[in-house]
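Visitor: To start, I am sharing the structure in question, which I have written as structure tokens.
In the working numbering, the protein residues as written are 79 to 606.
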């Protein structure tokens with residue numbers, strides 16, 4: 079929203095000067111802006127108004143200082159102003175009014191032309207009617223009279239055809255003129271719409287020992303500006319035939335502050351200035367005990383639940399540091415600064431700035447989780463050796479120059495291994511079946527459940543392919559339930575977490591079958 083007749087001097091009684099933004103630091107939910115301006119100050123105390131800040135700035139965060147010269151800042155305050163203004167300036171409104179008048183005149187001209195053509199068509203129709211009634215009453219026609227009657231009817235029909243064609247042409251033009259007039263009126267109405275216009279400025283009181291030109295720096299924080307990290311991982315082959323992954327990190331920033339940020343130096347920080355530094359309040363946790371009921375003492379109810387296995391890092395790759403960053407050192411805020419200035423428009427649209435790019439050697443393998451899906455995925459494992467950590471965020475995946483999809487990564491410290499999914503292997507197929515048998519002994523009432531999991535692999539390609547298949551089985555937490563692995567050929571079980579890893583190789587155009595058999599036994603007092 080702009081108004082060419084609006085002047086800041088009309089609502090500020092002090093001299094005004096533009097203070098362009100020179101640096102913007104983006105945080106998680108706000109931004110810190112630094113503005114500078116050169117001002118000629120007389121000797122003594124005087125006020126100056128700095129233009130440029132938006133109305134969303136935080137008054138408590140404003141810090142103003144004088145750079146270099148012998149002068150000092152006595153005080154500062156934020157000045158806000160509200161006025162009614164049209165959506166478009168006056169010179170643009172004049173152009174819209176001319177366009178609306180021209181569209182109205184064109185509409186009127188086409189109406190008049192259509193009326194004239196319709197009158198002409200009516201006259202031709204009347205002549206045709208007269209000709210039709212006069213022809214039977216005519217005397218015995220001679221050859222010369224027949225030619226005259228024929229010429230007359232041909233002339234009337236030509237006029238009728240011309241009038242009909244012209245009517246159709248003018249009808250289409252009239253419809254277009256109506257739409258053009260409606261659009262012009264809508265644009266004019268939208269441009270004349272009056273809405274409040276909010277402006278802000280900084281008033282600074284400075285004490286100068288002499289008549290001189292000084293440089294003022296104003297620093298403040300504003301809302302409606304934030305950033306998030308985003309990555310692009312490209313898997314490619316080096317000229318030596320080895321695999322490497324290029325990880326490109328970009329900062330995606332948004333700003334709708336209403337300020338102008340052109341050619342500013344940007345910084346992207348992970349600090350959270352809005353979070354309080356005080357610890358959370360503690361409250362008492364009241365525990366209540368009760369006696370078990372007769373039903374609870376007689377039976378033990380067992381339920382199966384899925385539990386997420388929490389791990390720190392991954393168990394593959396090479397770690398380059400002896401100790402992984404913890405809460406003390408790993409939680410230290412970091413700041414990224416791109417090369418060169420940036421211009422970010424205040425439109426709320428994402429703006430991407432490249433922060434870093436790193437090429438890393440990596441390993442690629444195949445992995446399948448048949449319980450979760452029938453796809454076999456490529457998994458890339460590498461070690462992050464960048465100067466800055468790899469921040470958590472979405473990752474766009476590209477393999478050998480083709481965009482595969484989108485994934486995400488968690489925080490990766492310096493020297494830590496990490497993994498990324500690199501798409502699906504279309505040459506392999508997997509199918510999973512589960513069979514379960516229940517049996518109870520007659521005398522003791524002992525319960526036995528035998529669960530057989532079969533995984534069928536098929537290779538559609540010409541060459542053999544190696545992959546890892548991960549299956550899981552239940553883990554008992556009570557003594558009354560016993561879980562035993564009966565069969566897991568070619569598998570490596572992890573009894574603690576209940577996983578079985580199968581490292582297999584499927585020949586070209588061949589198949590492979592994996593079998594995992596689990597036996598669950600429980601006493602008669604257990605309800606499963």
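Glycine is no exception: its CB is placed at the ideal position from the N, C-alpha and C atoms.
#1: At which residue ranges does the segment 195-250 contain complete alpha helix (DSSP H) runs of 4 or more residues, listed in the order of the chain?
#2: As a quick exercise: from 534, 460, 577, pick the residue whose alpha carbon is nearest that of residue 583.
#3: Return the Cβ separation of residue 324 and residue 437 in integer angstroms, given the expectation that the two are a contact with Cβ distance under 8 Å.
#4: Given residue 570, which residues of its chain have a CB within under 6 Å of its CB, disregarding the five upstream and five downstream residues?
#5: Leaving out the 5 sequence neighbours to the left and right, which residues in its chain are closer than 8 Å to residue 463 when beta-carbon positions are compared?
#6: Among 531, 321, 539, 487, which residue has its Cα nearest to the Cα of residue 478?
#7: Can you tell me which residues form a DSSP beta bridge with residue 119?
#8: What three-state label does DSSP hand residue 603 in the structure shown?
#9: May I have the straight-line CA-CA distance separating residue 80 from residue 125, to the nearest angstrom?
#10: What did DSSP end up calling residue 504 once you bin it into helix, strand or coil?
#11: Beta-carbon separation of residue 285 and residue 145 under 8 Å?
#12: Between which two residues does the alpha helix (DSSP H) holding residue 369 run?
#13: Work out the CA separation of residue 594 and residue 311 for me, nearest whole Å.
#14: If we count the other Cβ atoms within 10 Å of its Cβ and call it buried at 16 or more, is residue 242 buried or exposed?
#15: Spatial neighbours of residue 110 within its chain, please: C-beta separation below 6 Å, excluding the five flanking residues on both sides.
#16: What residue range is occupied by the uninterrupted beta strand (DSSP E) comprising residue 574?
#17: Might you give, ordered along the chain, the residues of its own chain that have their beta carbon closer than 6 Å to the beta carbon of residue 333, omitting 5 neighbours on each side?
#18: Go through its chain and collect everything with a Cβ distance to residue 96's Cβ below 7 Å, but skip five positions before and after it.
#19: Excluding the 5 residues flanking residue 408 on each side, which residues of the same chain have their C-beta closer than 7 Å to its C-beta?
#20: Mind checking residue 537: buried by the 16 CB within 10 Å criterion, or exposed?
#21: On the DSSP bridge list, what partners appear for residue 334?
#22: Tell me, please, which residues DSSP counts as bridged to residue 590.
#23: So, are the CB atoms of residue 459 and residue 497 less than 8 Å apart?
#24: Suppose contacts are defined by Cβ-Cβ distances below 8 Å. Is residue 259 in contact with residue 191 by that definition?
#25: Which one or two residues does DSSP pair with residue 107 in a beta bridge?
#26: Looking at chain C, is there any beta carbon in it that lies within less than 8 Å of the beta carbon of residue 248?
#27: Give me the residue from 141, 159, 157, 160 with the minimum Cα distance to residue 151.
#28: Cutting at 6 Å between CB atoms, please list the residues of its own chain near residue 99, excluding the five before and the five after it.
#29: Along the beta strand (DSSP E) that carries residue 96, what are the first and last residues, could you check?
#30: Using a Cβ-Cβ cut-off of 6 Å (strictly less than) and excluding sequence neighbours within five positions of residue 514, which residues of its own chain qualify?
#31: Could you spell out where the beta strand (DSSP E) holding residue 309 opens and where it closes?
#32: So does the segment 161-172 actually touch the segment 262-272, counting three or more Cβ pairs closer than 8 Å?
#33: Is it buried or exposed for residue 500, if we count other Cβ within 10 angstroms and need 16 for buried?
#34: Suppose the cutoff is 7 Å on Cβ atoms and the five residues either side in sequence are ignored; what does the same chain contact list for residue 289 look like?
#35: Please go through the same chain and pick out, in chain order, the residues whose beta-carbon is closer than 8 Å to the beta-carbon of residue 428, but skip the five residues on each side of it.
#36: In this structure, what does DSSP give as the bridge partners for residue 471?
Guide: In terms of the structure at hand:
#1: Within the segment 195-250, no run of alpha helix (DSSP H) reaches 4 residues while sitting entirely inside it.
#2: Of the listed residues, the one whose Cα sits closest to residue 583 is 534.
#3: 5 Å
#4: 579
#5: 398, 436, 438, 492, 493
#6: Selected option, being the one with the closest Cα: 321.
#7: Assignment of beta-bridge partners to residue 119 by DSSP yields 290.
#8: coil
#9: Confidence is the limiting factor: at residue 80 the pLDDT is only 38, short of 50, which leaves the residue's position unreliable, though a coordinate-based value still follows. Going from the Cα of residue 80 to the Cα of residue 125 covers about 27 Å.
#10: coil
#11: Residue 285 places its beta carbon 8 Å or farther from that of residue 145.
#12: Taken as a continuous stretch (DSSP letters only), residue 369 belongs to no alpha helix (DSSP H), as it is neither H nor E.
#13: 36 Å
#14: exposed
#15: Excluding positions up to five away in sequence, the list reads 103, 299.
#16: Segment: none, residue 574 is in no beta strand (DSSP E) and carries neither H nor E.
#17: 303, 422, 424
#18: 115, 129, 130
#19: Any reading at residue 408 needs caution, since the residue's pLDDT is 47, under 50, leaving its predicted position unreliable; the model's value is listed next. Answer for residue 408: 491, listed in chain order.
#20: buried
#21: Paired residue(s): none; residue 334 is not in a bridge.
#22: 535
#23: Yes, the Cβ-Cβ distance between residue 459 and residue 497 is below 8 Å.
#24: No, the pair does not count as a contact, with Cβ atoms beyond the cut-off.
#25: Residue 107 pairs with nothing; no bridge assigned.
#26: Absent here is chain C; the protein component of the structure consists of one chain.
#27: 141
#28: 111, 113, 339, 342
#29: 94-96 is the span of the beta strand (DSSP E), which, as asked, contains residue 96.
#30: 529
#31: 303-315
#32: yes
#33: buried
#34: 120, 121
#35: 330, 331, 332
#36: 487
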